[in-house]
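Chains as they are written, first to last, in this note's numbering: chain A, 1 to 343; chain B, 1 to 1246. Beta carbons are placed, not taken as given, at the ideal position from N, Cα and C, and that holds for glycine. Just so it is clear, the structure is predicted and the values come from calculations on it, not from any experiment.
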């Protein structure tokens, strides 16, 4: 009831809509999911994004997990801090917001916005090489209104090895809406779900579904207590899905590098902007004139549509483009640079 | 001011479809910040134009954009589902939809509407596919078997999927003959019928409105295609298309009488009477009545063949039995070519003595404001120009030639720069490339036409084919290639390009039509006589230009045939045509990729590439030129600029406006009222309006357009010299791109840059793009000015929907910035007279922005004091002390300095002939109108309606008032009031006060305040929000205190508009001069055009959509005030004309010769008093009560009662003191402002 009171308290025009775990059963399920898979002797620190009333936090602490709680709302901060004080360093509470990390502007930042190096310093985690084990696990429920935006921003950070990914392969465990999960895990040729986001996430991460939970299991801070389930026309959307996104160890093993990943993202976005168009037409329309030959080499049919190509295919296509001299033309880079800033 | 300029520029491009819309203007959509965009939206819908440019991605749409779940609706409990289904299945006649929706709980409504919207979109797409690729074979033999079976198939299909609401919507739609009929009757030319139709239509809402909107689009498409065939003289094709629809019972409802008439006309041209007889019997079979135009076609046809008098008699008899009169044929039908003569010949077969009906007596406007102006006995002769008839005739020929060519190529001002060998080489390469493109594009066009005609033969009708046959093929090619040279290196949105191409083809088509229908010959003949009114050696006097033109037309017996039949293409057709041409262009143009880098192998790559730019969930398709081509263009530094002929000021006096569709340019299609694409309601409103009511507006526009201009050459030369050197940002001369900041040299590939370097690179690019667009804008203006340097020219005018007037040529006109204004002079010179030199000096000081709070005498004294600086500026503008550069408007100040120098050095300054325009500005004109409406004494004083020895400053006054409130609050211990001590100044409140008139809300006002406070370094940041919140409240209170009636009036206007919009209607009113106004704000609806290269999402706004309540209500007060200030301007213009003054205006800034400033000032004040002596608000209230709440309807809905109450409670104004006496006592009698005082107020306009 205290939880509910707190959540209800979190209303007002400036407060964003949030979803919380309030039931201990769900908390336990999540805790088990989070701990599953990893060896018991190496348990990296868990960064819990927006714990709110702290139901899950307590469950995790009881299970012996080291937790860093990143909370943006001062309404919850006090409670969490008193919990922090009652423990012996197993919990660390930070005032901040995972999705307001590394703001683009310059100048001093005020919490909850902060820089990632600040965060990691406070957490006491040092950067590890990309191929090393996961240094930090992150758990959170994605803010519904910004869900897609967040997924894009994380992608850019992942491919550029910037922000939190500068510290290694951070494992992301997120509750996302079912329709977005369907997008992330879509197969080629799926007319509705197979998107640029799909390709880029599948190339970048291993995607693992840990758990599905109906929307109604979560508590929201909306005024009328409504669930505010995002509407969807084509994809099922009855659950929130707990998804584990683990950056691939071999992501940068080939000729794809953090330095040249922008054109890759750009290429994929451009291709899938019109999924029914032919891949060869796309390539030709950018004056990458050896399109036909390239496709032949990669054993891609000449009449393939952009949505037919699997994520790995895009990666190989890009690597082939890299090695040919086509990408030396500067305009492609310029456009790539420009287009990314508009997410 | 810059905002105004931007809007003017946009308005210009919006109207001037043909003018090569420069990307520099239109690119704003991507560079403007969201806030800027929001601000513009708030003020003026016109800028919406830019928003239209967004193309929507299906993919993202499916993922994240707001959408509705079909499954959701189905899952909804029975109660909610029932009204929904009712609404969907609603027959158009019973129309229970709105009621059903009112009963349903509030929340599902959004879903229902959204779903319907999407359904409709899809439906339209389906329908379009049908109409484009109608796969049925052309039923040559009128055999009905095939179409029928096709229709059956369609029906069964519909049945199959009837479970889903989608199919139900589709079915309801395709089976609504009633809606089709109402739309048909709407198009009937007879005014009474149209009126009836609109009345009937008004209460209809919901489903049907949306349907009829799409219905109309389709109907227009058919009609315009038929007109193409008429133009192409292919009656067989026209009939084929008609039969395609006629023979299908499902599609027949798209045809109205006009469609049949067009086909009849095309047969009439060829003299095939039996075909027309067939069509008449077809008409009968579908239950349509032939109208006047049908008979005109029959008679014309008979005039072209040999027929027996018996046949003629039969048709004439039938015409009479249908309730028409033979005279009406000649009074109402718009004949083309020699149609009229043919009809007359036929009539004379049966009535040998038939005489043409006498032209109708010219009607005279009855507005009480213009009784004097129009009274015959006081008519004064029209002021003559300094040209002879012969000279004007010659100028007319020049202008005609210009417009016949459609485009004009001029040398840019950069031509004077020396040519480098590199440039010569680049130009040669460009020329050879262009030659290649010419061939390849032509081939592509021919190929695609062949494909289409093959397809057409095989399977019916191709939508675009006729539109690709209208012009000679070479013209299509040159229109397409023109696009290339103006393409921005940053890329241009596909929507913009497609629209530009489409409208260029349309404009050219209109020109050809005018030529072919011999309309031009007639205009030429009338114009030849018309100039006698204007020429110094011409005889006629005592006419207004419009009156004289009408008289000449009547005498020549042309009747209404000088007007071209309405033949605009639906927006969708234009877009599709544009997209098709664009696709051809992209396919056909290639460029060698090794221009930039000779090491690369010489291979041809596409010149244009299609790329998406992403903006959150939207993506905009762009077309970019290959960088090699941009580079080549830059190297060639070509100095030729090509403009549409309508972008150049006219070389002869414009054709006077005589109707909403006739006036301004000789050939270029110009509308009296500018509108955004697809918004036809203004034009409909104007056409429904009695002609005499429009006379004052037309005459005022003619007066503004008849002002002759010339170039101030010395000033132009100085500006061009700076422009061709390195520009000067301080003097508002944009520097060339070579002055742009350079990004730091990149080490290696761009991907190796660090984040901050990337950031910097982006900033540099952005800055360069901005600079380039500013530079191009200035280049266009200066080049046109330079082109006209030795000529006399005219700016034809039209107006926006509120009656604000604008010159038609978009780039170079007197509404432009300081630079453009400085190079314009009146062509007519007048002696300075005794006070002229003083006015010049005062004008100069006004331009400097100094001495704003001083009296005129003090300003004059100051000018005399600094005479040395003035003369120095005039003599050595670039080498001397450069006093002029320090002023607010440096270039106009410089021009004025030069004029003063010349005048003061002439032997007799009073006799010095000056061409210089002197300005008089209204001080916070919007508030002036409010203060006068409400007769606020304090307010009137603060905006200079009351005589005072020095000009009053309303901003300081408000600041003082706010400071007083603050002190009071601070004493009572209000924390924020104490914090604000010492921070309240004129500057802080100025913007908010200025924008109050234009409807700024508390929200917007607070943002403005916050910005101002942020600029003050000492202000503690943590109080920003609270302080701005407090301040905006106090400013509003202060204004309320000073202009006690203003807020009441504003609130009344807002509240009325809200109720009107909520009842599903748009806000309409009539200005005191009789101009009908409708606010064109609708809930936007976009249609997806499925084109090969990309899906285009096009917003369309037409009269059948629901009004946008927020915009309707927020924009009403400012629009109403604008309609008043435009009325004041027009009244002043007309009365200045009667006094023989030269007069032009930039909204609330009036220009005339120095000699006549005093007279103009007097007229301006007189007309202000006259205007506000009218019962403005009472008239408004009565008009709206009549329009929206006319009694006599059986059911008076709740909203109507509420609206009636609202509209009846007119706020207190000078005329209605009685009712509010009590209230006045309560607030303490502040005294009432006596309107007559304006007459003696020096600083009212100064």
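At least one CB atom of chain A sits nearer than 8 Å to the CB of residue 610/B. One alpha carbon belongs to residue 223/A, the other to residue 1092/B, and they sit about 47 Å apart.
Approximately 5 Å separates the beta-carbon atoms of residue 1121/B and residue 929/B; this is inside 8 Å, confirming the contact. When only Cα atoms are considered, residue 90/A and residue 83/A end up about 10 Å apart. Contact with chain B is absent for residue 320/A, since none of that chain's Cβ atoms lies less than 8 Å from the residue's Cβ. For residue 1094/B, the chain A residues whose C-beta falls within less than 7 Å of its own C-beta are 274, listed in chain order. Residue environment for residue 1004/B: buried (at least 16 other C-beta atoms within 10 angstroms of its C-beta). At least one C-beta of chain A is nearer than 8 Å to the C-beta of residue 606/B. For residue 142/A, same chain residues with a beta-carbon under 7 Å away, outside a window of 5 residues either side, are 150, 174, 175 and 176 in chain order. At the C-beta level, residue 46/A and residue 28/A stay beyond 8 Å of one another. For chain B, the residues of the region 239-261 of chain A that bring a beta carbon within less than 7 Å of one of its beta carbons are 259 and 260, in chain order. Not flagged as an interface residue toward chain B: residue 74/A, since no C-beta distance is shorter than 8 Å. DSSP places residue 550/B within a helical segment (H, G or I) once states are collapsed to three.
In this structure, 836/B is the residue among 686/B, 828/B and 836/B with its C-alpha nearest to the C-alpha of residue 1159/B. Around residue 172/A, the same chain offers 138 and 245 as residues with beta carbons nearer than 6 Å, after the five sequence neighbours per side are excluded. Linking residue 667/B to residue 658/B through their CA atoms gives a straight-line distance of about 15 Å. In the three-state scheme derived from DSSP, where H, G and I count as helix and E and B as strand, residue 538/B is classed as coil. Annotation: Cβ neighbours of residue 285/A in chain B (cutoff 7 Å, chain order): 606, 609 and 610.
When the Cα atoms are used, residue 247/B and residue 238/B turn out to be separated by approximately 14 Å. Looking at the DSSP output, residue 592/B bridges to 604/B. By the CB criterion at 8 Å, residue 521/B and residue 556/B fall outside the cutoff.
Residue-level contact by beta carbon fails for residue 1019/B and chain A, as no gap is shorter than 8 Å. The CB of residue 208/A never comes closer than 8 Å to any CB in chain B; the least such distance is about 21 Å.
Excluding five sequence positions before and after residue 227/B, the CB atoms of its chain that fall closer than 7 Å to its own CB belong to 262 and 567, given in chain order. Shown in chain order are the members of the region 174-199 of chain A whose Cβ falls below 7 Å from a Cβ of chain B: 183, 192 and 195. Of the candidates 49/A, 204/A and 303/A, 204/A places its Cα closest to the Cα of residue 160/A.
Think of a sphere of 9 Å around the beta carbon of residue 269/A: the chain B residues whose beta carbon falls inside it are 612, 614 and 619, in chain order. For residue 1201/B, the three-state secondary structure derived from DSSP is helix. The DSSP-derived three-state label of residue 675/B is coil. For the 8 Å CB-CB criterion, residue 1027/B and residue 979/B form a contact. For residue 49/A, the enclosing beta strand (DSSP E) starts and ends at 45-49.
Under DSSP, no beta-bridge partner is assigned to residue 809/B. Counting along the chain, no alpha helix (DSSP H) covers residue 1069/B; the unbroken beta strand (DSSP E) around it starts and ends at 1068-1070. If you ignore the 5 residues before and after residue 737/B, its C-beta comes within less than 7 Å of the C-beta of 768, 771, 772 and 775, all in its own chain and listed in chain order. Measuring C-alpha to C-alpha distances from residue 101/A to each of 191/A, 77/A and 72/A identifies 72/A as the nearest. Taken atom to atom, the span from the alpha-carbon of residue 282/A to that of residue 1086/B is near 27 Å.
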